[in-house]
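A.B. asks: Pasting a structure below so you can have a look.
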Ligand SMILES: [Zn+2]
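In the numbering used here, the protein residues as written are 251 to 532.
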């Protein structure tokens with residue numbers, strides 16, 4: 251599943267291409283993949299593209315929003331006569347003929363461009379939702395870690411919600427902090443020298459402070475490198491992100507730690523594969 255940096259990368263790629271365009275027509279090929287009434291989308295001008303947590307939002311002139319969640323295999327492909335921008339799960343056909351077998355929804359823009367929402371396994375979704383309703387559904391989400399409002403004090407109080415839970419599970423909880431998934435949780439904990447299994451109540455104030463900074467740093471680095479390629483996400487220009495070339499622990503079990511040269515271990519925390527260095531992390 252794409253995490254904050256992957257979705258942010260898609261957002262940045264789409265923004266310059268679709269803002270100001272009007273959605274001429276929406277075609278829903280797979281009803282399961284689209285929720286809402288297409289009539290709220292048809293004929294509307296795109297005023298903004300934004301990200302909240304791991305979701306991508308396209309804001310319309312009538313203050314309705316088209317919200318995308320790519321989940322496991324979702325793709326967003328913008329095809330214009332000049333170029334193609336793709337984001338999401340890379341498959342060999344992502345640069346091929348569109349629509350294809352996994353195309354679920356097609357948006358036709360007034361400049362002739364088309365946005366294809368493809369999703370092989372159909373866990374992802376597209377929703378047409380009013381901005382009033384969206385405020386409610388975003389209410390339960392935790393703070394955006396790259397916004398100024400994500401202060402150390404805010405982070406501390408968010409952690410208190412789950413004092414007895416392993417720290418890795420807590421920082422992946424979207425109600426605690428938005429947008430962090432498995433890759434960036436593993437990396438942030440390595441950067442903060444904290445074992446993923448430690449419970450929140452056992453962390454020292456210094457460790458909490460280090461973790462807060464590590465989350466911000468690792469997500470910023472992820473965006474800088476266009477997201478992660480190993481998790482199979484290509485960025486909005488069809489290039490694979492290469493954040494994982496810089497990963498210290500994620501998917502590196504059996505390899506040597508870039509810091510101490512000892513072997514990286516793998517365990518399962520909260521049902522998810524978890525990578526760590528037992529010498530660098532305490
Ligand atoms: Zn190490």
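Note that CB positions come from ideal geometry on N, CA and C, so glycine has one too.
May I ask which residues mark the beginning and end of the alpha helix (DSSP H) holding residue 229?
C.D. replies: Since the displayed the chain opens at 251 and closes at 532, residue 229 lies outside it and no answer follows.
A.B. asks: Quick one: what does DSSP say residue 467 is sitting in, helix, strand or coil?
C.D. replies: helix
A.B. asks: Fully enclosed by the stretch 263-314, which beta strand (DSSP E) runs are 3 residues long or longer?
C.D. replies: 273-278, 296-302, 305-310
A.B. asks: Report the partner residues of residue 368 according to the DSSP bridge assignment.
C.D. replies: 325, 353
A.B. asks: Assign residue 378 to one of three DSSP states: helix, strand, or coil.
C.D. replies: Judged by DSSP in its simplified three-state form, residue 378 adopts strand.
A.B. asks: Comparing alpha-carbon positions, which option in 458, 468, 443, 385 lies nearest residue 429?
C.D. replies: 468
A.B. asks: Below 8 angstroms on the Cβ atoms is my contact criterion, and I expect residue 273 with residue 292 to pass it. Report the Cβ-Cβ distance as a whole number of Å.
C.D. replies: 6 angstroms
A.B. asks: How many Å lie between residue 357 and residue 366 at the Cα?
C.D. replies: 7 angstroms
A.B. asks: For the structure I just gave you, are there three or more beta carbon pairs, one from the stretch 304-319 and one from the stretch 367-382, closer than 8 angstroms?
C.D. replies: yes
A.B. asks: Three Cβ pairs or more, each shorter than 8 angstroms: is that satisfied between the stretch 498-505 and the stretch 431-447?
C.D. replies: The stretch 498-505, when compared against the stretch 431-447, does touch it at the 8 angstroms Cβ threshold.
A.B. asks: Can you tell me which of 275, 305, 286, 268 puts its alpha carbon nearest to the alpha carbon of residue 298?
C.D. replies: 268
A.B. asks: Residue 426 bridges to which residues according to DSSP?
C.D. replies: Bridge partners of residue 426: none, in fact.
A.B. asks: Using a Cβ-Cβ cut-off of 6 angstroms (strictly less than) and excluding sequence neighbours within five positions of residue 329, which residues of its own chain qualify?
C.D. replies: The residues 348, 364, in chain order, have a CB closer than 6 angstroms to that of residue 329 in the same chain once the five nearest residues on each side in sequence are set aside.
A.B. asks: Helix, strand or coil: which one does DSSP assign to residue 499?
C.D. replies: coil
A.B. asks: Look at the alpha carbon of residue 338 and the alpha carbon of residue 323, and state the distance between them as a whole number of angstroms.
C.D. replies: Cα to Cα, the separation comes out at about 7 angstroms.
A.B. asks: For residue 354, which residues in the same chain have their Cβ closer than 6 angstroms to its Cβ, ignoring the five residues on either side in sequence?
C.D. replies: Only 279, 280, 283, 367, 369 meet the Cβ criterion.
A.B. asks: Can you tell me the Cα-Cα spacing of residue 451 and residue 407, whole angstroms?
C.D. replies: 12 angstroms
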